[in-house]
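First residue of the sequence shown: -14, per our numbering; consecutive thereafter.
Using N, Cα and C, we set each Cβ at its ideal position, and we do this for glycine too.
For clarity, every value in this text was computed on a predicted model and none was experimentally measured.
Below you'll find the structure, written out as structure tokens, and then a few comments.
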Amino acid sequence: MSRKQAQGIVYSTNPDFQYQYDEEPEAETLEPGQQKLRVSIERHHRGGKTATVIRGFVGTDDDLSDLARQLKNRLGVGGSAKEGEIIIQGELKEKVTTLLHTLGYTNTR
């Protein structure tokens, strides 16, 4: 655990003291047909560059990064997956939605 997640205690002289962390349980990944993903185009806070953003993924961070990796590899572009959203470089909304449909994600807007 990182030090930022320790709650309230900065330092303790007790050698047997154990930090208590506020851990959120990671949500289980829903099946692709049950996911409600939203695909949009953004330019805000990106230095004027266009990016395709996918929001609404419910699941673990590992599954989110796996989906992002699949999309980036099949589209041949860069991007990232962080904070529950996938960012794909470029204006590729139509290609991303068709690719998500082929992967089994039916509820995309």
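Where V38 falls: helix, strand or coil (DSSP): As a first step, residue 38 must be located in the sequence shown, where it is residue number 53. Note: V38 maps to strand in three-state DSSP.
Residue from Q55, V43 and P17 whose Cα sits closest to the Cα of Y90: As a working mapping, residue 90 is identified with position 105 in the sequence shown. Per the Cα distances, P17.
Residue environment, T37, which counts as buried when at least 16 other CB atoms sit within 10 Å: If you number the sequence shown from 1, residue 37 lands on position 52. So T37 ends up on the buried side.
Beta-carbon separation (whole angstroms), G75 vs F42, contact threshold 8 Å: Sequence index remark: in the sequence shown, residue 75 carries index 90 (1-based). Sequence index remark: in the sequence shown, residue 42 carries index 57 (1-based). Actually they are not in contact, since the Cβ atoms of G75 and F42 sit about 20 Å apart, beyond 8 Å.
Residue of N(-1), A12 and I73 minimising C-alpha distance to L60: As a first step, residue 60 must be located in the sequence shown, where it is residue number 75. Closest by alpha carbon: I73.
Chain-order list of residues whose beta-carbon lies under 6 Å from that of K57 (same chain, five-residue window excluded): For the purposes of this step, residue 57 is identified with residue 72 of the sequence shown, where counting begins at 1. Residues G64 of the same chain have their beta carbon placed closer than 6 Å to that of K57, with the five preceding and five following residues left out of the count.
Contact check, I71 vs L52, beta carbons under 9 Å: Within the sequence shown, residue 71 is the residue found at index 86, counting from 1. Within the sequence shown, residue 52 is the residue found at index 67, counting from 1. In this structure, I71 lies near L52, with their beta-carbon atoms less than 9 Å apart.
Assigned secondary structure, N92 (DSSP; H/G/I helix, E/B strand, else coil): Numbered from its first residue, the sequence shown carries residue 92 at position 107. N92: strand per DSSP, three-state reduction.
Cβ distance (whole Å) where V(-5) is taken to contact K78 below 8 Å: For the purposes of this step, residue -5 is identified with residue 10 of the sequence shown, where counting begins at 1. For the purposes of this step, residue 78 is identified with residue 93 of the sequence shown, where counting begins at 1. The Cβ separation is near 47 Å, so there is no contact.
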